[in-house]
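Read top to bottom, the protein sequences are chains G and H.
Here the numbering used here is used: the first residue of the first sequence is 162, the next is one more, and so on.
Here the numbering used here is used: the first residue of the second sequence is 162, the next is one more, and so on.
For glycine and all other residues, C-beta sits at the position ideal for the given N, C-alpha and C.
There are 2 protein chains.
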Amino acid sequence: MSDNTINLQEKLAKFSEHWSPRVIAEMNDYQFKLAKIQGEFVWHSHADTDEVFIILDGEMTLEFRDKSVPLAAGEMYVVPKGVEHRPVAPRECCIMLVEPRGVVNTGNTGGSYTAQNDVWL
Amino acid sequence: MSDNTINLQEKLAKFSEHWSPRVIAEMNDYQFKLAKIQGEFVWHSHADTDEVFIILDGEMTLEFRDKSVPLAAGEMYVVPKGVEHRPVAPRECCIMLVEPRGVVNTGNTGGSYTAQNDVWL
Numbered sequence: 162m163s164d165n166t167i168n169l170q171e172k173l174a175k176f177s178e179h180w181s182p183r184v185i186a187e188m189n190d191y192q193f194k195l196a197k198i199q200g201e202f203v204w205h206s207h208a209d210t211d212e213v214f215i216i217l218d219g220e221m222t223l224e225f226r227d228k229s230v231p232l233a234a235g236e237m238y239v240v241p242k243g244v245e246h247r248p249v250a251p252r253e254c255c256i257m258l259v260e261p262r263g264v265v266n267t268g269n270t271g272g273s274y275t276a277q278n279d280v281w282l
Numbered sequence: 162m163s164d165n166t167i168n169l170q171e172k173l174a175k176f177s178e179h180w181s182p183r184v185i186a187e188m189n190d191y192q193f194k195l196a197k198i199q200g201e202f203v204w205h206s207h208a209d210t211d212e213v214f215i216i217l218d219g220e221m222t223l224e225f226r227d228k229s230v231p232l233a234a235g236e237m238y239v240v241p242k243g244v245e246h247r248p249v250a251p252r253e254c255c256i257m258l259v260e261p262r263g264v265v266n267t268g269n270t271g272g273s274y275t276a277q278n279d280v281w282l
């Protein structure tokens, strides 16, 4: 394996904290982040950007104000900018996020779930 | 499953052509594309953008002028902008590409492998 090859399972094995995205790659000014989630996150939105969720292991639900979208491993979803959403996972779920560098996990909401940004694995 | 949920295996089942990327999602001005590849592609580079390869099924090699990087399902790689590369896959390999809208598969090289751009699944 090359030094620059990113193995998703190897990266996932390197951290255990929930709701704490870790950057694994940059493409131009976008970042690919891994996160482990469990429980109910806070309602929030990102005013300036869409946000991509790719489910790697497990199951989660993306709650919106008008619908609830179940997602399982091998599925992805684009949350449009400005749309309030809340990730929920009864059991641990591993996801990849794609979004511009600088996006904060709690968006416009802030609070105790706000993770340090730009933390690389 | 929501109308907006993207199931990668379901999308992959919808086409069979090699070297013919299909757009499955947009995030801001970036596109997520699926491709099935087999054989040797042309050497090319993208002057203005990095390009992300995520391997979904099978194995491929990213050849560079100074190294050869084997990649398998569950691995990803960021090809830096301007760097010549050539994807090679002895057997069919299914990949996801992430890059700005408008990027042509053969980059600066053109030729018979150039696929129609912006084809959605």
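Its chain contains F214, I216, E220, M221, T222, L223, Y238 as the residues whose beta carbon lies nearer than 8 Å to that of L232(H), once the 5 sequence neighbours on both sides are disregarded; these appear in chain order. Of the candidates L258(G), S273(G), G271(G), E236(G), the residue whose Cα lies closest to the Cα of M188(G) is L258(G). Rounded to whole angstroms, the gap between the alpha carbons of W180(H) and G271(G) is 44 Å. For the stretch 200 to 218 of chain G, the set of residues with a beta-carbon nearer than 7 Å to any beta-carbon of chain H comprises T210, D211, V213, in chain order. Excluding the 5 residues flanking it on each side, E171(H) has no same chain C-beta neighbour closer than 6 Å.
By the beta-carbon neighbour count (other beta carbons within 10 angstroms, threshold 16), K228(H) is exposed. The DSSP-derived three-state label of Q170(G) is helix. Distances from the alpha-carbon of C254(G) to those of S177(G), D218(G), K175(G), E178(G) put D218(G) closest. Separation of the CB atoms of D279(H) and K242(H) is rounded to 20 Å, and the pair is thereby denied contact status at 8 Å. Take the alpha-carbon of V244(G) and the one of F202(H): they are about 40 Å apart. Distance from the CA atom of I198(G) to the CA atom of D190(H), rounded to whole angstroms, is 27 Å. One finds N168, L169, Q170 in chain H with Cβ atoms closer than 8 Å to the Cβ of G235(G), taken in chain order. For the stretch 183 to 195 of chain G, the set of positions with a beta-carbon nearer than 9 Å to some beta-carbon of chain H reads I185, A186, E187, M188, N189, Y191, F193 in chain order.
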